[in-house]
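J.:
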Amino acid sequence: MSLLELTAVELGKKIKAGEVTVEEATSAALDAIRAKEDKVHSFVTIDEEGAMARAKEVQKQIDAGTLSGPLAGVPVAIKDNLCTQGLKTTCSSKILYNFVPTYTAEAVLNLEKAGAVILGKTNMDEFAMGSTTETSAYGATKNPWNAGHVPGGSSGGSCAAVAAEECFYALGTDTGGSIRQPSSFCGVTGIKPTYGTVSRYGVIAYGSSLDQVGPVAKDVTDCATILETITSYDKKDSTSVNREDTDFTAALVDDVKGMKIGIPRDYLGEGLDPEVKQAILAAAEVLKEKGAIVEEFDLSLVEYAIPAYYVIADAEASSNLARFDGVKYGYRTEEYEGLHQMYKKSRSEGIGPEVKRRIMMGSFVLSSGYYDAYYLKALRTKALIKQAFDKAFSKYDVILGPAAPTTAPKLGESLSDPLKMYLGDIYTVSVNLAGLPGISVPCGVDSKGLPIGLQLIGDCFKEKNIIRAAYAFEQTREYSRSPLAQE
21 MSLLELTAVE LGKKIKAGEV TVEEATSAAL DAIRAKEDKV HSFVTIDEEG
71 AMARAKEVQK QIDAGTLSGP LAGVPVAIKD NLCTQGLKTT CSSKILYNFV
121 PTYTAEAVLN LEKAGAVILG KTNMDEFAMG STTETSAYGA TKNPWNAGHV
171 PGGSSGGSCA AVAAEECFYA LGTDTGGSIR QPSSFCGVTG IKPTYGTVSR
221 YGVIAYGSSL DQVGPVAKDV TDCATILETI TSYDKKDSTS VNREDTDFTA
271 ALVDDVKGMK IGIPRDYLGE GLDPEVKQAI LAAAEVLKEK GAIVEEFDLS
321 LVEYAIPAYY VIADAEASSN LARFDGVKYG YRTEEYEGLH QMYKKSRSEG
371 IGPEVKRRIM MGSFVLSSGY YDAYYLKALR TKALIKQAFD KAFSKYDVIL
421 GPAAPTTAPK LGESLSDPLK MYLGDIYTVS VNLAGLPGIS VPCGVDSKGL
471 PIGLQLIGDC FKEKNIIRAA YAFEQTREYS RSPLAQE
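Note that the numbering used here gives residue 176 to position 156 of the sequence shown, counting from 1, and the numbers run on in steps of one.
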């Protein structure tokens, strides 16, 4: 068994026991990246020198007994919109092609304090805008299950790196499903925690009221352990919540007896691939057999989630991305006359078409004539969606459904039809609008051999419910390695 087949927690135990050194683990991951990157393109920056130097340093601390956590010495990949001091952070955009931050994102800092070794930065949709990792200025990432298909997005690079066994776990961000949907497409596990649980300090913002950092790994145990490590109250983030109940690993119990699970009928209707539906209902049946009470119910307002989400997210994006103007950092056009022309040319040359589309839409809905008609209406809809979930959670502990309506589409399919790509987020965006936690766990493969993800949604600050249900379900099946991981 190769080292890369181990989960993050398993590797951590071996390092602690002295069976494997941190340098051996880091070296194995870097070898895998060198061997597989041509086929998968998960990374935009690989820090071989920095990773090996850090591995030596961490090993010394483990030997001295100053580092003893479950993730000490375990190599990790970081999504390229999380700032890393001294290591290039581009958001997979030409406009930040040379940006090297002077500080590190709080979530990454928490991992470093726990002894993590950073291998590099993973590819993503430009500024996290997209659902396929095809809008990256550095080329598309490919799905390790089938190179002709997308890995999902925007955390596609992180999910593909875990599925291809180029790293032991990764960090992603989730604005409208960007951890859960690619986890589903790549056959790995990913958690989006409750809004405010993980600090957003150092995350290059897309939609500030929606973005949340979360883990991607092979199993639920890893995800719960990583989430526990990156969670902290942070004064530097005004949306950070001071929580007491962050011992997420305590929920790793194979027991769902009496747990009430609701399946929204709205999630099983038109647009859902029959094979995905079959796998989701089979997973619900497994939980039922384990003693959970499973029933269908009506969750209203589902059809309004996509328009409300894209109005709010694009409005926030148009404001957040105004800072990328070629003045202080990043790309600046070579030929220009005057400041205004420099702004225009730098932004038009440095920003890709999907990001431009969303900035323009966001600026439009915030303009004086349309603010009330679109933006305020979307905010009211957001509040109604939250109320609908509150009503559901007064009856159920967990909501169960698909993470995506289909398995991974072919490369190039989604970019030709942006509206179809937006509709692919139907089951994930409402979770962000309501600030809820969600997890995607592999629950099968379709007839094309592509993974299907089961999504479990919990009430605010009730991550333990979804972790418990996901862990209990996971105990009934083996982790399936992607074809690329097996090479």
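Every residue, glycine too, gets a C-beta built ideally from N, C-alpha and C. Quick caveat: nothing in here was measured; it's all calculated off a predicted structure.
Among all the DSSP beta bridges, which residues are the ones paired with Leu50?
T.: According to DSSP, which records beta bridges pairwise, Leu50 is partnered with nothing at all.
J.: For the beta strand (DSSP E) that Ala190 lies in, which residues bound it at each end?
T.: Unbroken beta strand (DSSP E) run through Ala190: Tyr189 to Asp194.
J.: Let me know the beta strand (DSSP E) ranges lying completely inside the segment 380-434, each 3 residues or longer, listed in chain order.
T.: 418-422
J.: Gly455 to Gly346, Cα distance in whole Å?
T.: 33 Å
J.: Would you mind stating whether Ile332 and Lys402 have Cβ atoms separated by less than 8 Å?
T.: yes
J.: Could you compute how far the alpha carbon of Glu185 sits from the alpha carbon of Lys59?
T.: Their Cα atoms are separated by approximately 13 Å.
J.: I need the boundaries of the alpha helix (DSSP H) containing Gly358, first residue and last residue.
T.: Gly358 to Gly370
J.: Would Val208 and Ala167 be called neighbours here (beta carbons separated by less than 8 Å)?
T.: no
J.: Alpha carbon to alpha carbon, how far is Arg497 from Lys33? Give it in angstroms, no decimals.
T.: 23 Å
J.: Starting from the C-beta of Thr152, find all residues in its chain whose C-beta is less than 6 Å away, skip the five residues before and the five after it, and write them out in chain order.
T.: Within the same chain, Thr152 has close Cβ partners Val170, Gly173 and Ser434.
J.: Considering Gly282, what are the terminal residues of the beta strand (DSSP E) in which it resides?
T.: Counting along the chain, the beta strand (DSSP E) containing Gly282 begins and ends at Lys280 to Pro284.
J.: So is Asp267 buried or exposed if we call it buried at 16+ other beta carbons inside 10 Å?
T.: exposed
J.: Just mark Asn118 as buried or exposed, buried being the case when its beta carbon has 16 or more other beta carbons within 10 Å.
T.: Exposed, because fewer than 16 other Cβ atoms sit within 10 Å of the Cβ of Asn118.
J.: Would a C-beta distance cut-off of 8 Å place Ala412 and Met279 closer than the cut-off?
T.: no
J.: Assuming contact is defined by CB atoms lying nearer than 8 Å, are Tyr491 and Leu272 in contact in what I supplied?
T.: yes
J.: Per DSSP, what are the beta-bridge partners of Pro16 in this structure?
T.: Look at the range of the chain in this structure, 21 to 507, and you will see that residue 16 is not part of it.
J.: Pairing CB atoms from the segment 35-45 with CB atoms from the segment 75-82, are three or more of them under 8 Å?
T.: Remark: three or more beta-carbon pairs, one from each stretch, lie closer than 8 Å, so the segment 35-45 and the segment 75-82 are flagged as touching.
J.: Would you grab the beta carbon distance between Ala424 and Pro164 for me? Rounded to a whole angstrom, and I think it's under 8 Å.
T.: Not really, about 17 Å apart at Cβ, beyond 8 Å.
J.: Check this for me: beta carbons of Gly192 and Ser175, under 8 Å apart or not?
T.: Contact annotation: Gly192 and Ser175 have beta-carbon atoms nearer than 8 Å.
J.: Provide the residue span of the beta strand (DSSP E) that contains Glu316, from first to last.
T.: Ile313 to Phe317
J.: Determine the DSSP secondary structure at Cys480, reduced to helix, strand or coil.
T.: coil
J.: Taking 8 Å as the cut-off, does the segment 125-140 touch the segment 351-367 (at least 3 CB pairs, one atom from each stretch)?
T.: no
J.: Could you check whether Asp231 and Glu126 sit closer than 8 Å to each other, using their CB atoms as the reference points?
T.: Cβ atoms of Glu126 and Asp231: not closer than 8 Å.
J.: From Val137, Phe63 and Thr245, pick the residue whose C-alpha is nearest to that of Ala157; which is it?
T.: Phe63
J.: I think Ala337 touches Arg378, with their Cβ atoms under 8 Å apart; what is that distance to the nearest whole Å?
T.: A Cβ-Cβ separation of about 5 Å places Ala337 in contact with Arg378 under the 8 Å criterion.
J.: Quick one, which of Glu309, Glu25, Ala393 and Pro422 has its alpha-carbon nearest Lys277's?
T.: Closest option to Lys277, judged by alpha-carbon separation, among Glu309, Glu25, Ala393 and Pro422: Glu309.
J.: Taking contact to mean at least 3 C-beta pairs separated by less than 8 Å, is the segment 395-409 in contact with the segment 313-329?
T.: yes
J.: Skipping 5 residues on each side, what residues in its chain have a beta carbon closer than 7 Å to that of Gly478?
T.: Val418, Leu456, Pro457, Asn485 and Ile486
J.: Take every Cβ of the segment 241-252, pair it with every Cβ of the segment 76-96, and state whether three or more of those distances are shorter than 8 Å.
T.: yes
J.: Would you kindly work out how many angstroms separate the C-alpha atoms of Gly106 and Lys406, rounded to a whole number?
T.: 40 Å
J.: Identify every run of the beta strand (DSSP E) within the segment 94-145, keeping only runs that are complete inside it and at least 3 residues long; order them along the chain.
T.: Runs found: 95-99 and 137-142.
J.: Would you decide whether Ser414 is buried or exposed? Buried here means 16 or more other CB atoms lie within 10 Å of its CB.
T.: Under this definition Ser414 is an exposed residue.
J.: So Leu474 packs on Ile283, CB below 8 Å; how close in whole Å?
T.: Between Ile283 and Leu474 the Cβ distance is about 11 Å, and since that is not below 8 Å, they are no contact.
J.: State the beta-bridge partners of Thr508 as determined by DSSP.
T.: Lying outside 21 to 507, the shown extent of the chain, residue 508 is not represented and no answer is given.
J.: What are the start and end residues of the alpha helix (DSSP H) that includes Phe205?
T.: Here the alpha helix (DSSP H) through Phe205 covers Arg200 to Cys206.
J.: Would you kindly work out how many angstroms separate the C-alpha atoms of Ala28 and Leu139, rounded to a whole number?
T.: 14 Å
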